[in-house]
Amino acid sequence: MQTIPPTLAPSLAAVDFDGATGLLHGASVVEDVRTLGDLAGVFEAESARAALDPSTVAYRVQCYFPVADGTEGGLFFGCTFLEPGDVGGEYFMTKGHFHAKRDTAEFYWGIRGEGLLLLMNEDRTIRAERIQPGSLHYIPGRVAHRMVNTGTETLTFGACWPSDAGHDYATIRDEGFSARVFKGPDGPEIRRRD
Ligand code: S6P
Ligand code: ZN
Numbered sequence: 401m402q403t404i405p406p407t408l409a410p411s412l413a414a415v416d417f418d419g420a421t422g423l424l425h426g427a428s429v430v431e432d433v434r435t436l437g438d439l440a441g442v443f444e445a446e447s448a449r450a451a452l453d454p455s456t457v458a459y460r461v462q463c464y465f466p467v468a469d470g471t472e473g474g475l476f477f478g479c480t481f482l483e484p485g486d487v488g489g490e491y492f493m494t495k496g497h498f499h500a501k502r503d504t505a506e507f508y509w510g511i512r513g514e515g516l517l518l519l520m521n522e523d524r525t526i527r528a529e530r531i532q533p534g535s536l537h538y539i540p541g542r543v544a545h546r547m548v549n550t551g552t553e554t555l556t557f558g559a560c561w562p563s564d565a566g567h568d569y570a571t572i573r574d575e576g577f578s579a580r581v582f583k584g585p586d587g588p589e590i591r592r593r594d
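This is the structure we're talking about:
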């Protein structure tokens, strides 16, 4: 009888879900860092952001791109590590984006920490989902997505999206989300910004 010896995945060796760090290990892992200096114009209190140390890391993204960017029918995989903190009371958050190919969807899932996932339609109607370890979030096409760390530890979450999705950051840069999340006396407050 012929048998087939299994191998480890050749390029992404492992994701640490057991230790709950979400760290990706493997030769082909690509890492991007976003500091407060990279996030000009993202927070409402821009002057408060500009007064903070620009080298402060707000988040890191580790990605595994098994196919070339733009490939139809492929998938990308990533983990984001969003630090706790705030700028003028507004919690640290990702830049947020629509996908350039508008109809493409994405999965997010919580690994560690807690936060809110802002989901905004093209007509600017908005809702928020709580993210926590084990929560699964389906982001339909045509929906902008931004993660907000409302907790006191690093918010770690996974993502899987089509390799031809691309990113449209310009729409959010120019128009923003229609709500922002601030520290309130009784916890996070989602305030409308229509
Ligand atoms: C990609 C996916 C995530 C984000 C990451 C950082 O489609 O949604 O990997 O890129 O969470 O967020 P942002 O908005 O700065 O790309
Ligand atoms: Zn996305």
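In our numbering, the protein residues as written are 401 to 594.
Heads up, the beta-carbon is just placed ideally off N, CA and C, and yes, glycines get one too.
8 Å or more divides the Cβ of Tyr-508 from the Cβ of Glu-483. For a cut-off of 8 Å, the C-beta gap from Ala-544 to Met-520 is around 4 Å, short enough to register as a contact.
Annotated three-state conformation of Leu-555 is strand, per DSSP.
Within the same chain, Asp-564 come within 6 Å of Glu-472 by CB-CB distance, once the 5 residues on both sides are set aside. With distances taken between CA atoms, Thr-556 lies nearest to Val-415 out of Ala-427, Val-415, Gly-426. Between Phe-577 and Arg-591, the C-beta gap is not smaller than 8 Å, which leaves the two residues out of contact. For Ser-428 and Tyr-464, the gap between their C-alpha atoms comes out near 6 Å. Its Cα nearest to that of Asp-469, the residue Pro-562 stands out among Glu-575, Asp-438, Pro-562, Thr-554.
When the beta-carbon positions are compared, Gly-515 and Gly-551 come within less than 8 Å of each other.
Every residue with a CB closer than 5 Å to a heavy atom of ligand 1 is listed here in chain order: Val-461, Gly-478, Thr-480, Thr-494, Lys-495, Gly-496, His-497, Ala-559, Trp-561. Cβ-Cβ distances below 8 Å link Gly-441 to Arg-573 in the same chain, with the five nearest sequence neighbours on each side left out; the list follows chain order. Looking at the DSSP output, Gln-462 sits in a beta bridge with Glu-431, Cys-479.
Between ligand 2 and Glu-444, a heavy atom-to-CB distance of less than 7 Å is absent.
For a cut-off of 8 Å, the C-beta gap from Leu-424 to Leu-412 is around 6 Å, short enough to register as a contact.
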